[in-house]
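Notes for the one structure printed next.
The following block contains the structure:
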């Protein structure tokens, strides 16, 4: 095990996959000579050259489409979109082509493309640089969507994604690139399906993903220490396909569920998880499930307003206490 | 080109014409559903360009008016028809339909129903070719209407800066659905727009298959020899409406008649008759054999093929076993 930062883990996964397979290449804005906005490809341009670490023009839809086209004949492109906000521009190629081409060709064409992007709200970046888009991608048939919560997953999910025959969207987080964590020294693959119970508990299930898992964990620690409440924290990790069985199992154990998401509530991760609980674990419930989510506003610039728009651990604590009648 | 090849080419064009006309009949019989965009009038473009390339070896990608491109690329016509019928034996197992013919066995990488969508995919195929170091090229057929999409401009730019082996073939039939090019496009000479990205480009008569083949040979050589992308503009016309639901009423009778006089099939037939390569009787016999093949092989195959099983509805969403 060595400790490394989230961005270093992603860089290592790139490096290993590029070294292993000559048909792997990376492309995106500033990823080459400049080394990547979040350093995810730092040093790789010098090692692999311009044909494999490709600086693109600011043309998200078409460079993503170029990656998809190359993937259709056996290449394994890793597309970086500098911010999820810009992924809106690439939606035509991701959704109309990558997600559908295998189906509409009757299984005859595959598009094993990886599209990585940092999501979430960071520090006062304003409405057009603070989007969260996981709910958009998880609503699309034909895509896989994963969200790494730590360096180990950031490494392991990218490795698995590059080797997967389906198009995989990886949503990282702008605030997490400098997060440190242990990553195994040997090659490691995080499965692209399946949730993980990262803190077992018996009183309430807290479901999160990506950064919201950390808010849930922080709340769980606080509740254990100050209120003697034992929360179970589940990292959904793969948002598409969602691990329905894991959701059901946890609710069957705790009989209470709270979903923590960074996005606005409508049609979001929380809506989906609670619908699954209704369908598969309704009679296990001792309380109505709850969503902790962002305000339904474009993210404002002002620091105080921005903070008020995004959920946090203390909201989770209050929700748990309310749910338990405390 | 010897007499046998000339006859073969004429038969291919005639076959394309009759195939499409038979599709229209099947559509009226409600055997074919959805949208149906037919190709009569433009046969010299797909057939001429691919005759000058290596169909089945080079990658071909196109828009929604895709049947003839697929057939010339090598996709069995009976599988194209079965696809239009929505059958399991169709080239896309009945999941794609008219606008989504695919056949990787012949490197036919698909018809796509979003205008301009294939431009970046074509450049991506070319990028893949470069990565693999083969002598293939990527050939992208699209109409002039697609050139007003951002993907045109973005892709021309990247194809040029990365020197990708891609041939863009613009079948300029002068109408984007029902809107004439001069009403929605600032520069209607499409080759000039590609030239703005320093891409080699040229404009030719798209009704004369020999002109098309000659121009395409130069363009293909340019791309295959590593000199980067090429943009070939072919001036053509669709004799029918945009799709089955379009009568084409926005065009004058005179305009349609003027282009019908330059029908690519008749133009080539007349050339071959003048040259003594075929006689009128030969042509009649050719037509009979084409109709016979379409009816007794292709339509029969489509009619008799099974539909996909409803139990398989969820098949192909993700790749089975493709991800551990």
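Residue numbers (the working numbering), protein chains in the order written: chain A, 72 to 397; chain B, 40 to 363. Glycine included, each C-beta is placed from N, C-alpha and C at the ideal position. On a predicted model such as this, the values are computed, not experimentally measured, just so you know.
Taking a contact as a CB-CB distance under 8 Å, the pair residue 168(B) and residue 99(B) does not count as one, their CB atoms being some 13 Å apart. Under the Cβ criterion (8 Å, minimum of three pairs), the stretch 206-214 of chain A does not count as touching the stretch 378-388 of chain A.
Per the coordinates, the alpha-carbon of residue 279(B) lies some 11 Å from the alpha-carbon of residue 216(B). Interface flag for residue 128(A) against chain B is set, since a Cβ pair is found closer than 8 Å. By the Cβ test, the stretch 162-176 of chain B is in contact with the stretch 132-140 of chain A, since at least three Cβ pairs between them sit closer than 8 Å.
The criterion of a C-beta distance shorter than 8 Å is satisfied by residue 291(A) and residue 304(A). Apart from sequence neighbours up to five positions away, the residues of its chain that approach residue 284(A) with a beta-carbon distance below 6 Å are 220, 306, ordered along the chain. In the structure shown, residue 251(A) adopts extended strand secondary structure according to DSSP, grouped into three states. Excluding sequence positions up to five before and after residue 265(B), its CB lies within less than 8 Å of the CB of 202, 204, all in the same chain and listed in chain order. The alpha helix (DSSP H) runs lying completely inside the stretch 136-177 of chain A and spanning 4 residues or more are 155-158, 172-175, given in chain order.
Within its own chain, the residues whose Cβ lies closer than 8 Å to the Cβ of residue 325(B), once the five positions on either side in sequence are excluded, are 46, 49, 50, 53, 317, listed in chain order. Note that the stretch 233-240 of chain B does not touch the stretch 248-256 of chain B; fewer than 3 beta-carbon pairs, one per stretch, sit closer than 8 Å. The continuous beta strand (DSSP E) containing residue 311(A) extends over residues 309-311. Around residue 76(B), the same chain offers 103, 104, 282 as residues with beta carbons nearer than 6 Å, after the five sequence neighbours per side are excluded. Per the coordinates, the alpha-carbon of residue 153(A) lies some 18 Å from the alpha-carbon of residue 83(A). Per the DSSP secondary-structure output, residue 190(A) pairs in a beta bridge with 244(A).
With fewer than 16 other Cβ atoms inside 10 Å of its own Cβ, residue 354(A) counts as exposed.
Closest by C-alpha distance to residue 393(A), out of 188(A), 365(A), 327(A), is 327(A). Under the Cβ distance rule, residue 179(A) counts among the residues neighbouring chain B, one pair being separated by less than 8 Å. Sequence-distant partners of residue 339(A) (beyond 5 residues in either direction) whose C-beta falls short of 7 Å from its own C-beta, in its chain, are 206, 332, 364.
Residue 322(A): member of the alpha helix (DSSP H) spanning 315-325, first to last residue. Shown here, residue 73(A) sits in a strand according to DSSP, grouped into three states. Between residue 122(B) and residue 113(B), the C-beta gap is not smaller than 8 Å, which leaves the two residues out of contact. Between the beta-carbon of residue 154(B) and that of residue 184(B) there is about 6 Å, and that keeps the pair under the 8 Å contact cut. Within the same chain, Cβ atoms closer than 6 Å to the Cβ of residue 152(B) are found at 103, 138, the five residues on either side in sequence being excluded. Contact with chain B is absent for residue 288(A), since none of that chain's Cβ atoms lies less than 8 Å from the residue's Cβ. Listed in chain order, the alpha helix (DSSP H) elements of length 4 or more contained wholly in the stretch 213-242 of chain B are 220-223, 229-234.
Secondary structure of residue 215(A) (DSSP, three-state): strand. The DSSP-derived three-state label of residue 342(A) is helix. Using a 10 angstroms sphere on the CB of residue 360(B), the tally of other CB atoms stays under 16, which defines it as exposed. DSSP places residue 257(A) in the coil class of the three-state scheme, outside both helix and strand. By the neighbour-count definition (other C-beta atoms within 10 Å, threshold 16), residue 186(B) is a buried residue. At least one CB of chain B lies nearer than 8 Å to the CB of residue 140(A). No residue range can be given for residue 300(A), since it is assigned to no beta strand (DSSP E) and is classified by DSSP as neither H nor E.
When DSSP states are grouped into helix, strand and coil, residue 346(B) belongs to the coil group.
Shown here, residue 149(B) sits in a strand according to DSSP, grouped into three states.
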